[in-house]
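Here's the structure we're looking at; comments come further down.
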Amino acid sequence: MPTSVRRFVAGAAGLSAVALLAGCAKNAPQDTWQPKGPNAQKIDDLQKPVFAIAGIVGLIVFAAVAYAVFRFKDRGQPIPEQTHGKPVLEIGMTILPALLLAGIGVFTFRTIFDLAKTDDTEMVINVTGQQWWWEYDYPVQTDYGITNPIITSGQLVIPTGTKVLLRETSRDVIHSYWIPALNGKRDAVPGRVHYLRLEADKPGIYAGQCTEFCGLSHAVMRMEAVALDKADFAAWVKGQLELADSPAEGTLAKEGESVFLNQCVRCHQVNGLKKADGSPAIAAPEENVWSGAAPNLTHLMTRNTFAGASWDLLTKECRKDVWEAPGGEFGKKYLAGVTEECLNQTDLRRWLRNAPAMKPMYADPTKLGPTDGKYRGMPNLGLSEDDIDKLVAYLATLK
Amino acid sequence: MFTNGSKYFIGVTGFSAVVLVIYVVLVDGAVGGAVALASIMLAVGLLAGLALFNRDGDVEVGDAAAPANAVPVGSSLWPLVTTLGIVAMGVGLITHEIVFLLGLTALVAGFVEWVIQGWSESASSDRRFNNAARGRLIHPLEFPVIATVGAGVIVVSFSRIMLAISKTTGAVLFTIVGALVLAGGVFFAVRPNLKKSVAVGLCVIGAVGVVAGGIAGASVGKRDQLVEANEEDHFAHKECGEEKSKYFDFNSEAKVSMRSNPMATIEFVDGKLQARELGLKKLTDRITVQKSNNISVIFRNKTEGEYRLTLFYGEKEVQEGVVEELHNCTQMIESGEEQLLTFRIDRPSIASEKPYKFYVPGVEDQSIEVVVP
């Protein structure tokens, strides 16, 4: 065998081995082959046999081609007798794939219809995509203790063993919601409401990723679904319904509240926050942000992530502690929220210092003509280090 | 010395100059019209010069000698059309812009046709060949223009008829017209050997009928409902309260496709308002919608009479010290019908002193609260 061919074969074999071994990664939270709920399980039950059948067909075809290539290689022999058509073979080779596809089609359609059902769901959550984060609001559902709507972002919290129906839409461009462990993808389209079933068998955090290119920071538009058992979910709901408390007078956090009122409340709502005159502070993102919304930060420290789930609010150790907690302990650890010791101050400070430097956004104040002067993303607020200290202290109180 | 063609163009040039002077003197500040007239004057003046220079295009013989291959020519319509165009332009300058434009169109069309007809009639001694030569040149222009004008006349005629007659009569009439067109098509299909004259005759009768109907409709004017509604200014003002108009919104067609992606269905059942959010089984008197997003709900009237669904979604200071309530609403919906209402609320509920709500005007004790987190 010539040296060049040997090198080619060795390279191809090496690359194939790398690709094959990549499938064995243990830390792969977005692995489509590890379903953690009945909806994803349905997809898995379909895709495995389909892949198997496709693999067998592929092998047969490759083998037939290889056999023909080597068996009938030109060795100077006379041209074999030419035949024109073998009806039995041709009809057979048409009917066999058709039957195969029809069989796969039956199971595929059944799965599609099962995943499209909306009449047996037990809970509803509105999911709204915008550049580049997801907002979740929970309509009033007294069966789950949701006596007033809840609004949050970044992490979707659901009760385990509950058929949840996501009503997806978008405020700006098309996004796509995908948490591989719990179900397939569904586009979030402006002006339309699309439905996606979600159900998790066990408590835990399930990672996802926007799968429709949606602009500069599409690659870091992430999401996480947090499944809590029913008691823990009830505790989470109770916490989310509470208003934010104002920090004690004379503390750094109280000073941070003033900074928040001056800078952040233009876009970010904190329910319960009051202005100096005692009236409620109401954010007006519709005047400053192209999509008309910015994350509600009332319970920021109950989430483990910020900036569209792109960065962790927890330090690496604390994050690992929560993510890898056994089922029975997970809820307790998650509900503890972000404690002072676990707060990832490094990334949070970087974000407050210059958000567009961390996550590319259309936030250059000199280039807002096409959006009528409104930002798409968080601009650099030009905060001083002193203000950042105060803000971090205040944000840490939002539990 | 002057050929026939050049005499005509010299006359038109002189006429244009006179009209231009009168126009400039009588019409103050209308630069567009003066420019148009001056352009026409220059154009026909140029044509006069050309006609004079090339002896009306007949380079072989002088104007005193008849061409050897000349055949007797028939009468022509185009000088008349051209003259009418000039007259209409003059009248249009005094009366209305549209008359002027029609005259200009007639002038250009008549002139072009006249020139081409004149050219084709001297092309050979064979009249059929001459006609064919004219057709090859002018038909690609004539047919699209005639078709466009014809279609326009039919469309305008139809619209005049539809505006004049009542909605019910319109539905009946155009069902009959549609049936007649279908019957005509079937008749032509089953009689392939039908004489061309019969087919043309039937088409002409149909077209004349439509145009006559259009003229009659235009003479009668719009039906009373349209006139009165227009006087009430309902087309400019969106009414969301209790309906006071005599004709507004009657018989609104309101079938909603589920593909419209409604967030909720709101029903007015026997005088009671109730909502059902998609995905939730229980009826509710409070629905949650996303902020700053286009949301659609279906309103279904299941109460005798016509009702509309109105959304109150806050207040807005339209000018200093003047605050207006914000409303959005469906049309009046007949019992058993439904309609989609799409709205967008930019402020959360806590920004409003009064809660956002859906209600049915005239039925004040029934409402669905709208919560915007």
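In the order they appear, the protein sequences are chains C and Y. Heads up: take any position in the first sequence, counting from 1, add 934, and you land on our numbering. Heads up: take any position in the second sequence, counting from 1, add 11, and you land on our numbering. We treat Cβ as the ideally placed atom computed from N, Cα and C, and that holds for glycine.
Please confirm whether residue i has its beta-carbon closer than 7 Å to some beta-carbon of chain Y.
i	result
G905/C	There is simply no residue 905/C to check, as chain C begins at 935 and stops at 1333 in what is shown.
T1280/C	no
V1098/C	no
D1131/C	With the sequence shown as reference, residue 1131/C is identified as Arg, and Asp is not the correct amino acid for it. Output row for R1131/C: interface = no.
R1126/C	yes
N1222/C	no
T1236/C	no
T1305/C	no
T1086/C	no
R1310/C	no
R1200/C	no
R1287/C	no
For residue i, which residues in chain Y fall below 7 Å Cβ to Cβ?
i	result
P1083/C	T299, V382, P384
D1071/C	T299, Q301, P384
T1055/C	G290
Can you tell me whether residue i is helix, strand or coil according to DSSP?
i	result
G60/Y	helix
C340/Y	strand
G325/Y	strand
L1329/C	helix
M1057/C	strand
P366/Y	coil
F1147/C	coil
N1314/C	coil
D1121/C	strand
A79/Y	Because the pLDDT at A79/Y is just 48, under 50, the model does not fix this residue reliably, and the point stays unresolved.
H1152/C	helix
E380/Y	strand
T1334/C	The question about residue 1334/C has no answer, for chain C in this structure spans 935 to 1333.
I977/C	helix
F354/Y	strand
E264/Y	Its pLDDT being 47, under 50, E264/Y is placed unreliably by the model, and nothing is read from it.
Q1279/C	helix
Looking only at its chain, what residues have a beta carbon closer than 6 Å to the beta carbon of residue i, apart from the 5 residues adjacent to it on each side?
i	result
W1245/C	D1281
L1035/C	none
A265/Y	Note that A265/Y scores 46 on pLDDT, short of 50, meaning its location in the model is unreliable; the coordinates nonetheless yield the value given after this. Within the same chain, A265/Y has close Cβ partners I344, E348, E349, Q350.
I1113/C	Y1140, G1142, A1159
Q1203/C	A1217, N1230
N1060/C	D1071, R1101
Hey, does residue i have any beta-carbon neighbour from chain C nearer than 7 Å?
i	result
L351/Y	no
A265/Y	Legend: pLDDT at A265/Y = 46, less than 50; position of this residue unreliable, value from coordinates given subsequently. Judged by the 7 Å Cβ criterion, A265/Y is not in contact with chain C.
L357/Y	The identity of residue 357/Y in the sequence shown is Asp, whereas the question assumes Leu. Yes, D357/Y lies at the interface with chain C (some Cβ there is under 7 Å from its Cβ).
N262/Y	At N262/Y the pLDDT is 47, less than 50, meaning the model places this residue with poor confidence; the figure from the coordinates comes in the next sentence. It does not; no Cβ of chain C falls within 7 Å.
Does any residue of chain A have a CB that is nearer than 7 Å to the CB of residue i?
i	result
M274/Y	This model lacks chain A altogether, as its protein chains are C and Y.
Residues of chain C with a CB under 7 Å from the CB of residue i: which are they?
i	result
A286/Y	By Cβ distance, chain C contributes nothing, its closest Cβ being about 11 Å from A286/Y, past 7 Å.
A362/Y	I1216
Looking only at its chain, what residues have a beta carbon closer than 7 Å to the beta carbon of residue i, apart from the 5 residues adjacent to it on each side?
i	result
A223/Y	none
L48/Y	S27, V30, L31, Y34
M100/Y	F111, G114, L115, L118
A1218/C	R1200
G1271/C	M1235, T1236, K1333
Applying a beta-carbon distance threshold of less than 8 Å, which residues of chain Y neighbour residue i?
i	result
Y1225/C	In the sequence as displayed, the identity of residue 1225/C is Ser instead of Tyr. Under the 8 Å cutoff, chain Y gives S303.
V1074/C	T295, R297, T299, V382
V1058/C	E288, L289, G290, L291
I1203/C	In the sequence as displayed, the identity of residue 1203/C is Gln instead of Ile. Within 8 Å Cβ-Cβ: P359.
R1101/C	M274, L289, G290
Pull up the DSSP beta-bridge partners for residue i, would you.
i	result
M1157/C	G1142/C
W1068/C	G1063/C
P1214/C	K1208/C
Q1075/C	I1080/C
N312/Y	F279/Y
H1109/C	A1122/C
F1240/C	W1245/C
R145/Y	Looking at the DSSP assignment, R145/Y forms no beta bridge with any residue, so it has no partner.
H1128/C	E1102/C
Among the residues of its own chain, which have a CB less than 8 Å from the CB of residue i, if the five just before and after it don't count?
i	result
L95/Y	G114, A117, G121
A76/Y	A caution first: A76/Y carries a pLDDT of 46, below 50, which makes its placement in the model too unreliable to give a value.
V238/Y	G232
So with CB distances below 9 Å, who are the chain Y contacts of residue i?
i	result
R1283/C	Those do not exist, as R1283/C stays about 29 Å from chain Y at its closest Cβ, beyond 9 Å.
R1156/C	In chain order: nothing, as chain Y lies at least about 20 Å away.
T1052/C	L289, G290
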